[in-house]
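Worksheet: the structure to be examined is printed underneath.
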């Protein structure tokens, strides 16, 4: 059967033809029956063209596959086949997101996302990655792609629901598509692009003079007033065409788990701190809560390549895991590898010019055509300056005749510069890491990873190591934390930091290594890795728990991964009790109206006694988190509100990404102008605002959970909801499609479940600080490797192995994740049957 020609896809939304399924809402078994033929068999014999020999695929009780083959070629081919069988919709979705073609699926509601992604030009980055890879790696990608296509050829008429109901048949997979998915992941491994866009939105609201107070870096560094000074004197009020659309598109991309996510914990314990006298490693990567998880687990056994761990459907290989000799895991460095440059632009005739060092230069033009479901194609020009493409190209002079001059006063272009589109050996290096047998070999491999800024921690039986990877720009002036004037060459990049300056460590005297997206180098370090670090509390908790024992084992590693104690509560208590705060705060509470006074006293007493454990059933945790939210609104809402305004949304988004003004003001910044409430005639100070916030926190809990304090629980306010990409994209769909998706939410989505923790706990469950308590960020997978065990590796995913709602393995991993029921990944042949059983699907070469 040959695949038919490409047709517009409705990957994230269901077409009107789903009407028959809509009437079956709540009847999960009937929907499963309807789409049962979209599930490939898990046993039997299947002839497949492209294999050299027989391959066995067994699955554990959560559907995670074990691929056993007699050659690496057949293992890679089968990995492509298995990825497609489990996550075809996700693979196609990632590819089309990276290509900027979502509007072909969902209509005009996704056009801003497509503009954003097409302008970022990940295809160029992917081409550079692929061309820089060795012929060996390119052959691996080709083999993997043939496996994907073998599945498409066999099951092209039996697609998962979201694909089948659209009438769409996916295009064949190309080797370059895997590089494109890899480039998409790279694009998401930095937060500063989103921060800089948000900062421009905030600057339009409060001016450059106040912007530094909303752009904090770690408390031991001064606020970035010099960075904000770059924007002084610029007329930013309403003068950036399309900023809201570009910022909104970036946020939508982030919501679909592909941009600017501060992600992950990893740590390694040296032999001297372990129960067995052998090393341990733990890794949990944090991504937006989604159905399915971005990750899926796989184990491969072949003569020259045996490995187990997490993979990404669409990319051949294991990203984090264990190969029998070496364990490795990764977190984001939070590297600032992206900059926004404000460009002065003007139009002369049909050409766009930008100002560079006193001269007007013609912008480079790139033509893009967007095919939009239900509408005629839209053709637009993407303009590029010396700093990169203009994110708001299509919106510069929007609704104007191209021949009409665009005066300088009408706006700025937003040029995007990044480390992408540089050819290197990153793809080779990732594969070499998965084959490394010692810490020394792991260092050799990771030093060659330049495309991704990562903290990679690894361990063999006797040693542990940490290496920062990536490519970090040298800036002539400035820190790159806030946008720079593009017409002034002082802020340009001047090459990249020498890789010898990338931080690393091996076998430290303290007996452990760990990272949690925190600042890992002192201020003024030789290479400017970043100025945007995540909150430090997770890293501090790793240090606290790692140092607390000299007999760590797999059980203590799991306990750390599920730890829900926040160290921020102790810092808050120290602030309340400080000599300069205790008495003024007491006086401010006494000055409150009677009803508020009692509520504020109760809140303060309970918060001062709080043990910092953010358990889902904790009443004090609920009050503590209510205070964090209410204080945010009391401090900032008068200047940045209302809550549905672009400025407030940008403010909340920045708190999701890195150490925030919310936390910074609570722990310090007594002289900040934001302590004054502009809505009142008098001038407030910090104690006054805190007193109001304490009273408001108690009132909030009473309103939401009743007056009986025994009924208060953090998990009543804070929940997990596993939401499918279909549901996430529903607001962008046409009304008929939106109705269809909403009607079967119960089939696609799971939850709510009570959640503990927050953004500052090792067991992360972050919410929008200033928005609501809905969990958006979780540990999307967890792995633990204990070299003291006969079978070292354990792992658990955050959703099911399959992305097909009709599969029994679509959501069965949720319960295991909630309860910490890790799965073993055995490397000894005698243990395989115990985990994977004897039932198998055998793929045989087709004659």
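Numbering (mature numbering (1 follows the signal peptide of the UniProt record, and there is no 0)), first residue to last: -15 to -1, 1 to 832.
Built from N, CA and C at the ideal position, the CB exists for glycine as well.
Next item on the list: Sort out for me which residues DSSP pairs residue 339 with in a bridge.
Entry: 330 and 346
Checklist line | Assigned exposure category for residue 502 - 16 Cβ within 10 Å defines buried | finding: buried
Check: Which residues share a DSSP beta bridge with residue 545?
Finding: Answer is none; residue 545 lacks a bridge partner.
Note to self: Less than 6 Å between C-beta atoms, sequence neighbours within five positions excluded: which residues of the same chain meet that for residue 197?
What the structure shows: Sequence-distant Cβ neighbours of residue 197 in its own chain, meaning closer than 6 Å and more than five residues away, are 208, 209, 210 and 213.
Notebook entry, point to check: Is residue 612 buried or exposed, if buried means 16 or more other CB atoms sit within 10 Å of its CB?
Noted result: Answer is buried; the Cβ neighbour count reaches 16.
Next item on the list: Keeping to the same chain, check which residues put their C-beta closer than 8 Å to that of residue 265; ignore five residues upstream and five downstream.
Entry: 253, 254, 259, 444, 537, 538, 539, 542, 769, 770, 771, 772 and 773
Check: Straight-line CA distance for residue 555 to residue 688?
Finding: When rounded, the distance between both Cα atoms is 27 Å.
Check: Is DSSP giving residue 394 helix, strand or coil here?
Finding: Residue placement at residue 394 is flagged as unreliable, the pLDDT there being 41, under the threshold of 50; a coordinate-derived value is accordingly withheld.
Notebook entry, point to check: Which of helix, strand or coil does DSSP assign to residue 444?
Noted result: Assignment of residue 444 by DSSP, reduced to helix, strand and coil, places it in the strand class.
Checklist line | Identity of the residues DSSP links to residue 846 by a beta bridge | finding: Given a span of -15 to 832 for the chain in the structure shown, any question on residue 846 remains unanswerable.
Note to self: Tell me whether residue 359, by its Cβ, gets closer than 8 Å to a heavy atom of the ligand SAM.
What the structure shows: By its list of ligands, the structure shown contains no ligand whatsoever, and the ligand SAM lies outside what it can speak to.
Notebook entry, point to check: Can you name, in chain order, every residue of its own chain whose Cβ lies under 7 Å from the Cβ of residue 74, other than the five neighbours on each side?
Noted result: -5, 145, 147, 148 and 788
Margin query: In the DSSP assignment, the beta strand (DSSP E) including residue 460 goes from what residue to what residue?
Written below: 458 to 460
Notebook entry, point to check: Are the beta-carbon atoms belonging to residue 436 and residue 459 less than 9 Å from one another?
Noted result: no
Next item on the list: Would you grab the beta carbon distance between residue 315 and residue 411 for me? Rounded to a whole angstrom, and I think it's under 8 Å.
Entry: About 13 Å; that fails the 8 Å criterion.
Notebook entry, point to check: Taking buried to mean at least 16 other C-beta atoms within 10 Å of its own C-beta, is residue 30 buried or exposed?
Noted result: exposed
Margin query: In this structure, how does DSSP classify residue 835 when only helix, strand and coil are distinguished?
Written below: Any question about residue 835 goes unanswered here, given that the chain covers just -15 to 832.
Notebook entry, point to check: Identify the residues that DSSP records as bridge partners of residue 29: which are they?
Noted result: 826
Next item on the list: Measure the Cβ-Cβ separation of residue 167 and residue 67 and say whether it is below 9 Å.
Entry: No. Outside cutoff.
Checklist line | residue 771 (DSSP reduced to helix, strand or coil) | finding: strand
Check: What do you get for residue 829, buried or exposed, if any count of 16 or more other CB atoms within 10 angstroms of its CB means buried?
Finding: exposed
Notebook entry, point to check: Where does the unbroken beta strand (DSSP E) through residue 287 begin, and where does it stop?
Noted result: 280 to 287
Notebook entry, point to check: Are the beta-carbon atoms of residue 712 and residue 740 separated by less than 9 Å?
Noted result: no
Notebook entry, point to check: Alpha carbon to alpha carbon, how far is residue 345 from residue 337?
Noted result: 10 Å
Checklist line | 9 Å Cβ cutoff met for residue 649 and residue 670 | finding: no
Item checked: Which residues DSSP lists as bridging residue 325, in chain order -> 401
Checklist line | residue 385, buried or exposed, once every other Cβ within 10 Å from all chains shown has been counted against 16 | finding: With a pLDDT of 40 at residue 385, under the threshold of 50, the modelled position of this residue cannot be trusted, and the question is left open.
Next item on the list: Return the CA-CA distance between residue 449 and residue 304, expressed in angstroms with no decimal places.
Entry: 18 Å
Checklist line | Residues of its chain near residue 380, where Cβ-Cβ distance is below 7 Å and the 5 sequence neighbours each way are ignored | finding: 226, 227 and 230
Notebook entry, point to check: Can you name the start and end residues of the beta strand (DSSP E) that residue 53 belongs to?
Noted result: From DSSP, the beta strand (DSSP E) with residue 53 extends over 50 to 53.
Next item on the list: Can you give me the start and stop residues for the beta strand (DSSP E) that residue 306 sits inside?
Entry: 305 to 307
Next item on the list: Look at the Cβ atom of residue 350, then the Cβ atom of residue 397, and state whether they are nearer than 9 Å.
Entry: no
Checklist line | Between the CA atoms of residue 335 and residue 342 - distance to the nearest angstrom | finding: 23 Å
Check: What is the rounded straight-line gap between the Cα of residue 462 and the Cα of residue 644?
Finding: 23 Å
Margin query: Is the separation between the beta-carbon of residue 790 and that of residue 752 shorter than 9 Å?
Written below: The beta carbons of residue 790 and residue 752 sit no closer together than 9 Å.
Notebook entry, point to check: Helix, strand or coil for residue 387 per DSSP?
Noted result: Unreliable positioning characterises residue 387 in this predicted model, as indicated by a pLDDT of 39, which lies under 50. The coordinate reading is nonetheless provided below. Of the three classes helix, strand and coil, the one that applies to residue 387 here is coil, per DSSP.
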